[in-house]
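To keep things clear, I will list the structure first and then write my remarks on it.
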Amino acid sequence: MTRWTIIRASAGSGKTYRLTELLTDRLTHPADDGTVLRPSQIIATTFTRAAAAELTDRIRGTLVDRGLLDQAAALPTALIGTVNSVTGRILTDFALDAGRSPDLAVLTEQSQQTAFTRATDHLIAEAEDAHRDLLARTGYDAVEDRGFYSKATNWAATIRSVTDHARSNNIPAEDLAGFAEASITELHSVLDEESAGTAPSDTRAALTTAARTLPRQLRAEVENGTIAKRSADGVLTRLDSLERFARRVRRERDSIPWSDWLKTAEGKVPGVSAPTKPIKEAYGSVTSAAEILVDPALRTDLDTLIRLVFTTAASCLSAYADYKDALGLIDFTDQEQLTLRLLRGDGVSEATRDAVRETLAARFRILVVDEFQDTSPLQLALFTELAGLVDEVIWVGDPKQSIYGFRGSDPALMDSAVEAITDPAGLAGRSEILAHSYRTRQAPLDLSNRLFSRLFTGDVELSVPQIRAEAYAADGARAAGETVTWPHTEGRASKNVWFERISDGIGALAERDADSGSRAILVRTNSHAAEIRTALRAAGIPCAGGGVPLSTTREGSLVTAALALLLDKADTQALVEMITLMPDHSAHADWFDTLAALPDRDACREQLQLWTEDPVLAPVTALRSALSELPVAELVAAVVDALDLRGRVAASTGPAERTGSVTGILQAAADFAAEQESAGEPATVAGVLAHLNDEETVSTPTAEPGAVEVHTVHQAKGLEWDTVIVAMPDSRERFTPAGVWVQPSTPLTMDDPLAGRHLRFWPDTLLAHSGVKEALAATDAQQARRTTELLEEQRLLYVAMTRSKFRTVLAPYSSTAKWRALAEAGLDADELVVLLADSDPVPALPRETVVEAARRFTSPAGQLDVDRGLVDAGRDIVPATIAPSGAEATPETALGTVVREIADLGPALVSGGGPEWNKVGDCIHSYLAAPLESLDAAMKQQVAARLVTNWGVGAVVSPEQVVECGERWQRFLHESLGATAVDSEVPFTWTNEAHQRAQGWIDQLVTVPGDNGDRQIIVDHKTYPGTDPTGHVAAKYLGQMEVYRRALTDITGTPPARILIHLPLLGSVVEVQLN
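Position in the sequence shown (from 1) plus 125 gives the number in my numbering.
As structure tokens, then:
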């Protein structure tokens, strides 16, 4: 019989240490049968690849410390990884048994979304076109997904929600029709109860008549004095709006949303601001909400919509499956579903199922599930099947940290699973609680203990272990750490006031105590994070955070698709992705229709091969021969150039934002190569491709040490800082008793955790009426959903408040009492004051200690800011950073510098200038940064035309002039300079002798032969349109060129051979010979 162990590990309680201890013990000591566990008999799943690597490294280190070198050497044979990597391995091993090819390509999370969209867009669009009036009437015609103040819902997003729920609960497409009928029956039951005894009628006809006649009637009542004089003005000022609504009714009666009719029945006429009492009484007396709820037309619309949602979702599930089969693809959910079906014998013979189970049972003896609270229902079923094949199962996690419901996890289901596992009458599993916090000091720990022991049931409180308490004691009065609240004190709360309060608080902490170590601000949403970063930077506080996964960016998707195609020229998914992302590919507009029209797979393969040979892909495919020669970081850089990625970004809308993605790609490739070298592992193309696809690989720019990090709570999971500032918004009513949800019909059983998992969908259509909304919200299913949402908010707050090591700061928008996690928890104001009371403040360090301590946390450039407190007021303060373009030449440099024109490339192409001339410069820079040598004439013209259009400079320069700039420059590079290599947009970071940091991009570094080896020439492109180039350069750019020269000299150890300024539109090249 399988032995079960559940380890409940609160935040910072040493979860990984305990898991390492258990596994190392199993690898060291014999079991009851006298045998010692071998690494190859371990199967362990973790939430992230980083967690898998950490667990593996810790086990290996402990085994080495114990002298068990053979076990340590064999550890790579253990199957330790994310759920998807583990199921992928199992599925690969038994692919033929499952009727699948072992070479199936696995879609990443981002490419899965793209593939689903491609496979289903036409179905969703067809349904939308065929039912446009229905979707308008029911409020499902929003162009984008629902925003905070949106009154409509996006149709496509609703379908995707149903399909996501179905797949994460292993629900087949054929079951969805039954869920539609159940949803309709249950919704009708609520509406019938709310409108009991009301006879059906055509309420829209009555309201339509009223909309047409009531404006005239109200005007007449004002004129004849029926409406009191004090109300007359209010009616008259709103008559135009009432008549506008009447015209809308005449024009759009069949598509006006039911939500508007429901509002009208309450006297809240759409488009009329603050209707007065006479208006409310006039319109509100026409019909009632109860009459609308039994209106046959409304009931028909609701029923039709519900059926349409489920039937469209079922069609999409089938179409997506067909799409993947046609291209030989599977996604992460498929890996889990196929593995589960293989273990259960679904779709395979009984003999195959038994053979697979026997093989796995003979191979593995222990199953470990880390972060079990984030397990999806499908994964729970998979783990349950695997558990039946091993001797021992260990689950480690913390239900209080389950915050990924939006990814498919179901905390309530996992709570039921834990109860079933530990039930003495059931599986009789052992439960272990880790009761010490190895992360947090006493004061912030006391705060979280007080609050969350009140919000959560079970063992919540942690204590500081003796070994930590002794170490903290060395800090004297600062040993316990502290908790602080930065409350809103006066005036009206606003985001600007909130952000300013946080900035001031951070500044005050730094002023009082520079030894604050690492600091983070944790917020609820990405938009708040971005706004707070902006506010901090405006206050002069360096900050970091806000990176997005590269795999979710257009640039990341294009580079990874190109790398995949280089690895496997038959990778059809990668090819299709590139075609879709490259508007200049010949098949971009009609690839799907072309494939769909072909008669068979052979014809499809031939067509795909022709598309691979498209000229726009030629620079990429030409790199295939260099796969075995180029280091991965150089290969990724070559792919970026071959795709003209910088040019594409420059020609896009919002080029500044997307440049960070390109930089992030190059940095991620370099980081991957360095990590592999450090680990003694090869840096392969397949490896860097997986790294770029990992959602943890983000485009976050590098920040100075000591910068304040700003993250959402979800991004902060698993991280820790010395000081954590919890900045949550006030509570707003967000719960909607409608939408898509999972409704269990039977209690959970560990024999079949997915049994009885049903879907429901109720439209948002009726929520405009407060009474109907309350009736829907009062149902058992919606009460359970509301409780689940509140628990999610409380778990988010728990995660946020348990990230700190030394100091927790509460920084509410207006009041902590208005945080949703607390506002709806039934806590009275007095109790909340006690629960959230600040600790005794810790004393500040002596000033000299502060400065010395700060040097341990601050970069050389940032050190200048720390020392400012010791600088006499009369002394000049040196800025911590300098911008090369804003640097001024010293008088000594300017005095001895020679600026001369060395080449006339041809007549000036334009003349003049103006306030928008910088856009011309951006356009020309982007074109000159493109890989011009690899482009033919037509492609150059196309690139130039795109740049001119997107930068909006067509009135100043033409595409032909842009191309001519490039042709002149290319001739000069090779004929006059003898260039052997040209690197464009070269990034650099450099710190001068005053510890000031400069960073930027050098337009071009040109390599030329020298007497003692290759030398480099610095080139800067300037779009000066005037008549005095040498005078302009001498007056404006000597300081910038001096920074470039010194930076290149310090970085490479060799000064540049020359410094040239290229003036493309003027047709001139100027040399700067610095003193």
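Beta carbons: idealized from backbone N, C-alpha and C, even for Gly. Remember, predicted model here, so these are calculated numbers, not experimental data.
The continuous alpha helix (DSSP H) containing Trp1094 extends over residues Pro1084 to Arg1096. The three-state secondary structure of Phe931, taken from DSSP, is strand. Counting along the chain, Trp716 sits inside the alpha helix (DSSP H) bounded by residues Trp716 to Ala722. Of all alpha-carbon atoms in Leu570, Val609 and Val394, the one lying nearest the alpha-carbon of Pro590 is that of Leu570. When rounded, the separation of the alpha-carbon atoms in Ala714 and Val774 is 20 Å. Under the DSSP definition of a beta bridge, Asp1145 partners with Ile1186. Taking a cut-off of 8 Å on C-beta distances, the stretch 930-950 touches the stretch 604-612, as three or more cross pairs fall below it. At least 9 Å separates the beta-carbon of Leu507 from that of Thr890. Rounded to whole angstroms, the separation of the alpha carbons of Ala198 and Ile491 is 19 Å.
The Cβ-Cβ distance between Ala220 and Ile168 does not fall below 9 Å. Judged by DSSP in its simplified three-state form, His561 adopts strand. Residue pairing from DSSP places Cys668 in a beta bridge opposite Val833.
Residue pairing by DSSP places Ala134 opposite Leu559 in a beta bridge. Annotation for Arg644: the continuous beta strand (DSSP E) segment containing it runs Arg644 to Val648. Counting only the Cα atoms, Val518 lies some 7 Å from Thr127. If you ignore the 5 residues before and after Glu406, its C-beta comes within less than 8 Å of the C-beta of Gly392, all in its own chain and listed in chain order. Bridge partners of Gly1125 according to DSSP: Phe1113. Our two residues, Thr310 and His256, have alpha carbons roughly 22 Å apart in a direct line. The secondary-structure analysis by DSSP pairs Ile205 across a beta bridge with Ala169. By the criterion of a C-beta distance shorter than 8 Å, Ala954 is surrounded in its chain by Ala942, once the five residues flanking it on both sides are discounted. When the Cα atoms are used, Met875 and Ile546 turn out to be separated by approximately 8 Å. The residues Val1073, in chain order, have a CB closer than 8 Å to that of Ser1083 in the same chain once the five nearest residues on each side in sequence are set aside. With distances taken between CA atoms, Pro1180 lies nearest to Glu1167 out of Leu1191, Glu1167 and Leu1190.
Beyond the five residues adjoining it in sequence on each side, Thr245 comes within less than 7 Å, by CB distance, of Cys441, Ala444 and Tyr445 in the same chain, given in chain order. No residue range can be given for Gln498, since it is assigned to no alpha helix (DSSP H) and is classified by DSSP as neither H nor E. In terms of CA proximity to Ala776, Leu1053 leads the group Cys1090, Leu1053, Val959 and Ser541.
Each residue's CA atom was taken as its position, placing Thr650 and His839 some 9 Å apart.
Contact between Ala230 and Asp696 is confirmed by a C-beta separation of about 6 Å, below the 8 Å threshold.
Judged by their CB atoms, Leu700 and Leu770 are not nearer to each other than the 9 Å cut-off. Taking a cut-off of 8 Å for Cβ pairs, the stretch 340-356 and the stretch 367-380 touch, as three or more such pairs fall below it. The DSSP-derived three-state label of Val493 is strand. For Leu144 against Arg151, the beta-carbon gap comes to about 11 Å, at or over 8 Å, which does not count as contact. Just measuring C-alpha positions, the residue of Ala798, Trp383 and Lys1161 sitting nearest Ala758 is Ala798. Judged by pairs of C-beta atoms under 8 Å, the stretch 323-332 does not touch the stretch 919-927, as fewer than three such pairs exist.
Taking the Cβ atoms as the reference, Thr837 lies roughly 48 Å from Ala1062, outside the contact range of under 8 Å. Take Arg575, set aside five residues on each side of it, and the residues of its chain with a beta-carbon closer than 6 Å to its own are Leu960, in chain order.
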